[in-house]
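*Asks:* Sequences listed follow chains A and B, in order. Our numbering applies: residue 1 is where the first sequence begins, and numbers increase by one. Our numbering applies: residue 1001 is where the second sequence begins, and numbers increase by one. Beta carbons are placed, not taken as given, at the ideal position from N, Cα and C, and that holds for glycine. Given the structure is predicted, the values throughout are model-derived calculations rather than measurements.
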Amino acid sequence: MDAFSILLPIAVASFFVGATLSVVDRRWAYGASLVGAALLVLVAIRVIVVGSVTGGGWSGPFGEPEGLSMDPLSAFFALAAGGVWIATSTYSIYYDDRPSPLLALTYAVTLGSIALLLTASSFLLFLVGWEAMTLGSFGMILQASGRPMRVFSAAFVFLAFGEASTLFVFLAVAGLRVASGTFAMVPVALSVPLAGFVFVSGLIGFGLKMGVAPFHMSEWLPIAHSSAPSNASAVLSSTLTLAGAYGLFRLISVLPTPPVWWGGVMLSIGAISALLGALFASVSEHSKGLPAYSTIENNGLILVALGVALVARSESLDVLYVFALFAAFYQALAHAVAKTALFLSAGYVEHATHTFDLNVVRGRAKDDAREAMIGAIVAPLSLAAAPPLAGFVSEWMILEALFQSFRFSPPAMQFVGLLAGAAVALAAGLVLVAMVKYIAFSTLWRPSAVEAGDRPPGLGTVLVALAGTIAAIGIAAPWILRFLTPSVSAFAHLPVTAPVSGLLLIPQGWSIVSGSPFGILSPPAVPIGLGVGALLGLVYYGMGRNRVTRRTVPWMAGSAPGVPGETYGSFGYSTGIRVMLRSVLRTREVRARSGPVTRAELLTPVAYNVELEVLDPFKVFYDALVRFATATSAAMKQGIMPGRIGRYLAYLLVATLVVVVYIALAV
Amino acid sequence: MMDPSVKTRIPSDGEPSRILAYWSPDDVVAVWNNLAKGGTEIERAPQSPGAAHLRAAWLGPPSAPRLRRVAPLEQVDGYGVFTFPYGPISMGVPEAGRFDVRTYGERVLDISPEVGFKARRILSSVAGLTIEDAALRIERLAGPFSAAHVSAFLAATESAAGRGISAREAWIRALAQELQRIYNHIHVVARVAEAASQNVGLAQAHALAEDVLRLMGSTFGHRWLFGAFLPGGPPTRLGPDDRVALAGTLGRLSKEFERLWSTFQTSRTFLDRIQTTCGVSREETLRWGAVGPTLRATGVAWDDRLRSPVPPYTDLFLPLATESSGDALGRVLVRVLEVRSSFLLLEQMLERWPASGSTQLPASEAIAPGRGVARVESPSGDLVYDVSVHDGRVGRVSARTASDANWPLFALGMRDAVFTDFHFAWESFGILFAETDR
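Following this line, the structure appears as structure tokens:
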């Protein structure tokens, strides 16, 4: 047993110890979480570089060995999650100034639970961590500010989706256990129908947590509706969904070679999620709702990459299989880091302006927040796939993988790949709209209005560090891909090599290649090219004689500039999309007269209010489902439960008989 | 108190009393006098929401505050709603005028044209001048409509002075007006084509409009007809050979126009962009006192040349152009039909050109001693001048232009349109800021 075998349980325990100490002082919880996250990162790096670590074990309730362990696959997710938590925990020490320790407690429990499921050696312990994570997150959402009923409603929506997720994950694990007789995370030989059942259950269960369509309500609703605390939003959106992705990766890694339809289904769901998420992000005016929708898009992209990988695997397209896997891993990493930075910057906006409304936020900030602005600009730029940042590399890899769907042999699958490619490209465009809007209306503030001391003091440092990480992940992509090779290898149960090469003047190993050969991109060359261009510009500027900077007021078409209310707001910025895509967004204009109207009316101005609403068709479905469930529940309550004991006993009898018959058939 | 019978003496076209812009000069003067005395009777007139607009635009006494905003009849607010200023110096606004657009982005919830950036005071500057000198300024008020403005002004002064003109003079004015109508209508088609990026058609339409301008230049000595109506002007030398040549050129231009329009008719891109764009209803055009192609595009058969005709229109055949859709396409179609009818009128005029020394036409009756009112169908619709003359010099001059009357319809039509419809809508109305900023 080496030192890392001891560090692993210490890392996981740190979170729970911190949760306990939160009663003494909430900063202990964040401090302990910081330590736990750092240890987790340390162990994860060691596992990826050297090999798996096992830390502690005991006999489980079914007589199987249980314990903590980390292989290169879980190490990748632990590394991403731990890195994110270092930032969020540091930020939380300054951010959380509430008198109650509950936010700190639930925060630490959530992180500990995710750490537990990432390091669980068996699916049983994984399930324990999974459920604890749901409960911890539920507690975090309850700490949101706002009207209590709205907060409760959002938290219970989360819980409902979370428990549905647990149910489906349980079904998947049960299927595995039935076939293999063990909870261990090892490859299992399953019959085709059972494998299909496990796959579908797992896809629904983990998809629920990732917030992919049609379950995306589970992602954006609790964050946007409850206006969850910013540290909680960051954890929910980046690492909770990362846990969902880990579950899916882990499950697929133990399943046999997939039939082609698995990949097709995953590809389709991913593409629809990416498009829907991007579309709703582009028309969201909520400073946290917009990033939450963007998470749906990004998780959709992970599914797309994984879907291409599965189809490629079933078609024995090994090069594409490995490349798509790398794309999926890279997408998960790029998103986790960028989304954390985005939510933390949203926290700053909230802290400074006391609003989540992007239409109101504009034009309010201090100009001493420049370092915070760096992070708050770099993160959305990365999510908008701007070079040379992390999101650019992952988006390029996913599109390159999709471009190669012509290699699939079933025409139907080629067609799915084609449509998915179009959807992902469209999503990329829409996300650009969303992120430009976010930057313009929440970050590029005019220096004014906010009082000194409003800015959490640690935020600037954390955001600068995250911005640097985002840039580094983008620029150093070829080396990071090589570093991640053991993780991909652990997933694929194959020795793989990173898809890196060189070309012309670019040194060997500096470029990513997407095929044999297909496309090529050198992430380090991008900033070098940009740097040379900037240098040339500077030289040219230096040679000029009249280096006069002219400052002037913006041209307002000949009118007096700066008239309040005469500029585009964030709502107006994306109304074009609301109007153009009204058939998809179900855009609807609601007008109400607000002024008195008399018969001589037309000489008197008529005042009216207008609201432009968009509608998520899936939310309409869920609302109807909730109404149906509530009505059925009320009918059951009135028809069976109250008063008449005979009727109630009859109900119990019938229910018992159904269960007995089911068990008899199952056995 | 205003004579209540005013409301019953309005010319009828099956829409009694509703066509505000067509109140007879007597009625208008009665209302004006009443308002000048502080009366508010017009506001109580039924179906007259345009009254306030007209009062401000035309009837308002010179001391009244300048008209700045046109028809802000609704106050719209809501989440994300803001005012987007468009103009006075922006792409697509060819003159110095500004529009305040209430919007939540993309869609126009309400648009309020704001005029008065160029306070030129041309009308007030002519007081005290001789009629000839005043005419030189009046014709520069709105260059593209110079023939209509100067004709209406001169007719009003002649009415005020009780002076008749020769038939030949009346025909020369009509000849100029019809040529200028052809130019303006083709120009509107070109501008709409420009908005639809129909570049080939645009170039051809501009070339054709330029040919018409050159024809006016060669016939009247000035392409904008400046100075053409003064005694001894170039058209008095329009001999038989000149008329034959002119008729030949007009025949060629007519054919070219037909060929051009048939090209536009085959372009779905062009037609789709103007069909259903910026539509106004018949009820709205009547209620707000619309004039010209804007009115006729909603099926109202009213044209000054037919409804209150003066020579030579009394002696010529003029088909009346109407459409029923009320949208930009309808307005363009009315203009196309009017180009044809103007070519037809010109052909008739040149065939029946009065000989020199022709009969003297009687002056129309003055509405008050030394004060005359005259109306002319300008390219964009009814134009009215109210002029007083004392001792051969011009006194007070008021005008109600077609643009004055049509502003509210543009504002109404633009409601619920999208920004990209703006240029099609704007050009199809043929409104000139210059006619309002006078």
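1. Specify the secondary structure class of Phe392 of chain A as computed by DSSP and reduced to three states.
2. How about Phe77 of chain A and Leu242 of chain A: are their beta carbons less than 8 Å apart?
3. Could you tell me the alpha carbon to alpha carbon distance between Ala379 of chain A and Leu251 of chain A, rounded to whole angstroms?
4. Would you mind telling me which residues of chain A sit closer than 7 Å to Thr1103 of chain B, beta carbon to beta carbon, in chain order?
5. Hey, out of A:Ser268, A:Asn231, A:Leu240, whose CA is closest to Pro214 of chain A's CA?
6. Checking contacts by CB at 8 Å: is Met556 of chain A closer than that to chain B?
7. Pick helix, strand or coil for Ile302 of chain A, following the three-state DSSP scheme.
8. Ignoring anything shorter than 4 residues, give me the alpha helix (DSSP H) runs that lie fully in the stretch 507-546 of chain A, in order along the chain.
9. If the criterion is Cβ atoms closer than 8 Å, does the pair Val322 of chain A and Ala390 of chain A meet it?
10. Distance, Cα to Cα, Leu1136 of chain B vs Arg1375 of chain B?
11. From the DSSP output, which residues share a beta bridge with Asp1110 of chain B?
12. Residues of chain A with a CB under 7 Å from the CB of Glu1106 of chain B: which are they?
13. For a quick check, are the C-beta atoms of Ala1205 of chain B and Ala1196 of chain B less than 8 Å apart?
14. Would you check if the stretch 168-183 of chain A and the stretch 140-150 of chain A touch, i.e. whether three or more CB-CB distances between them fall below 8 Å?
15. Under 9 Å between beta-carbons, which chain A residues line up against Asp1077 of chain B? List them in chain order, please.
16. Step through the CB atoms of chain B and report whether any lies within less than 8 Å of the CB of Tyr568 of chain A.
17. Excluding sequence positions up to five away, which residues of its chain have a Cβ less than 7 Å from the Cβ of Thr182 of chain A?
18. Taking just the CA atoms, how far does Ile1186 of chain B sit from Ser1428 of chain B?
19. Is there at least one Cβ from chain A nearer than 8 Å to Gly1201 of chain B's Cβ?
20. May I ask you to check if the CB of Thr549 of chain A is nearer than 7 Å to at least one heavy atom of the ligand FMN?
21. Leaving aside the five residues before and after Arg1396 of chain B along the sequence, list all residues of the same chain whose C-beta is less than 6 Å from its C-beta, in chain order.
22. Which value, in whole angstroms, describes the spacing of the CA atoms of Thr1277 of chain B and Trp1426 of chain B?
23. So, for Leu105 of chain A: in the same chain, excluding its five sequence neighbours on each side, which residues have a beta-carbon less than 7 Å away from its beta-carbon?
24. If distances are taken between C-alpha atoms only, which option among A:Thr355, A:Ala498, A:Ala425, A:Thr239 comes closest to Leu276 of chain A?
25. Identify whether Val579 of chain A lies in helix, strand or coil by the three-state DSSP scheme.
26. Applying a beta-carbon distance threshold of less than 7 Å, which residues of chain B neighbour Asn231 of chain A?
27. Against chain A, with Cβ distances strictly below 8 Å, would Ile1089 of chain B count as a contact?
28. So with CB distances below 8 Å, who are the chain A contacts of Tyr1385 of chain B?
29. Taking buried to mean at least 16 other C-beta atoms within 10 Å of its own C-beta, is Val553 of chain A buried or exposed?
30. Just how far apart, CA to CA, sit Thr497 of chain A and Ser253 of chain A?
31. For chain A, is any of its Cβ atoms less than 8 Å away from the one on Pro1120 of chain B?
32. CB-CB under 7 Å to Ala80 of chain A, same chain, minus the five flanking residues each way: which ones, in chain order?
33. Tell me which residue opens and which closes the alpha helix (DSSP H) that Thr134 of chain A is part of.
34. To the nearest angstrom, report how far apart Arg150 of chain A and Ser113 of chain A are at their CA atoms.
35. So, Asp1404 of chain B versus Glu1435 of chain B, is the Cβ gap smaller than 8 Å?
36. So, for Trp85 of chain A: in the same chain, excluding its five sequence neighbours on each side, which residues have a beta-carbon less than 8 Å away from its beta-carbon?
*Replies:* On the basis of the data shown:
1. Of the three classes helix, strand and coil, the one that applies to Phe392 of chain A here is helix, per DSSP.
2. Inclusion of Phe77 of chain A and Leu242 of chain A in the CB contact set at 8 Å is warranted, their separation being smaller than that value.
3. Straight through space, the alpha carbons of Leu251 of chain A and Ala379 of chain A are spaced by roughly 30 Å.
4. What Thr1103 of chain B touches in chain A, judged by beta-carbon distance under 7 Å, is Gly572, going in chain order.
5. The alpha carbon of Pro214 of chain A has as its nearest neighbour, out of A:Ser268, A:Asn231, A:Leu240, the alpha carbon of A:Ser268.
6. Proximity of Met556 of chain A to chain B, defined by a Cβ-Cβ separation below 8 Å, is satisfied.
7. Three-state result, Ile302 of chain A: helix.
8. Complete alpha helix (DSSP H) runs here, min 4: 525-543.
9. With a cutoff of 8 Å on beta-carbon distance, Val322 of chain A and Ala390 of chain A are scored as not near each other.
10. Between Leu1136 of chain B and Arg1375 of chain B, the C-alpha separation is close to 19 Å.
11. Answer is B:Arg1102, bridged to Asp1110 of chain B.
12. Below the 7 Å Cβ cutoff, chain A contributes Thr575, Gly576, Val579 as neighbours of Glu1106 of chain B, in chain order.
13. Not closer than 8 Å, so no.
14. The stretch 140-150 of chain A vs the stretch 168-183 of chain A: no contact.
15. Per Cβ cutoff of 9 Å: Ser594, Ala607, Tyr608, Asn609, Val610.
16. Cβ-Cβ to chain B under 8 Å: yes for Tyr568 of chain A.
17. Correct list, in chain order: Glu64.
18. Taking the straight line from one Cα to the other gives about 11 Å.
19. Gly1201 of chain B is outside the set of residues whose beta carbon lies under 8 Å from a beta carbon in chain A.
20. This structure lacks the ligand FMN; in fact it carries no ligand of any kind.
21. In chain order, Ser1388 place their CB closer than 6 Å to the CB of Arg1396 of chain B, counting only its own chain and leaving out the 5 sequence neighbours on each side.
22. Rounded to whole angstroms, Thr1277 of chain B and Trp1426 of chain B show a C-alpha spacing of 10 Å.
23. Answer for Leu105 of chain A: Ala19, Ser22, Ala29, listed in chain order.
24. Per the C-alpha coordinates, the member of A:Thr355, A:Ala498, A:Ala425, A:Thr239 positioned closest to Leu276 of chain A is A:Ala425.
25. DSSP places Val579 of chain A within a helical segment (H, G or I) once states are collapsed to three.
26. Against chain B, the beta carbon of Asn231 of chain A has no neighbour under 7 Å; the closest one sits roughly 29 Å away.
27. Closer than 8 Å to some Cβ of chain A, the Cβ of Ile1089 of chain B qualifies, so yes.
28. Within chain A, no residue has its beta carbon less than 8 Å from that of Tyr1385 of chain B; the closest one is some 27 Å off.
29. With fewer than 16 Cβ atoms within 10 Å of its Cβ, Val553 of chain A is classed as exposed.
30. Approximately 18 Å, taken between the alpha carbons.
31. Reading off the sequence, residue 1120 of chain B comes out as Arg, not Pro. No, its Cβ sits nowhere closer than 8 Å to a Cβ of chain A.
32. Apart from sequence neighbours up to five positions away, the residues of its chain that approach Ala80 of chain A with a beta-carbon distance below 7 Å are Leu242, Ala332, Leu333, Ala336, ordered along the chain.
33. For Thr134 of chain A, the enclosing alpha helix (DSSP H) stretches over residues 123-142.
34. When only Cα atoms are considered, Arg150 of chain A and Ser113 of chain A end up about 26 Å apart.
35. Going by C-beta atoms, Asp1404 of chain B is nearer than 8 Å to Glu1435 of chain B.
36. Excluding positions up to five away in sequence, the list reads Ser33, Leu34, Gly36, Ala37, Leu40, Leu111, Val235, Thr239.
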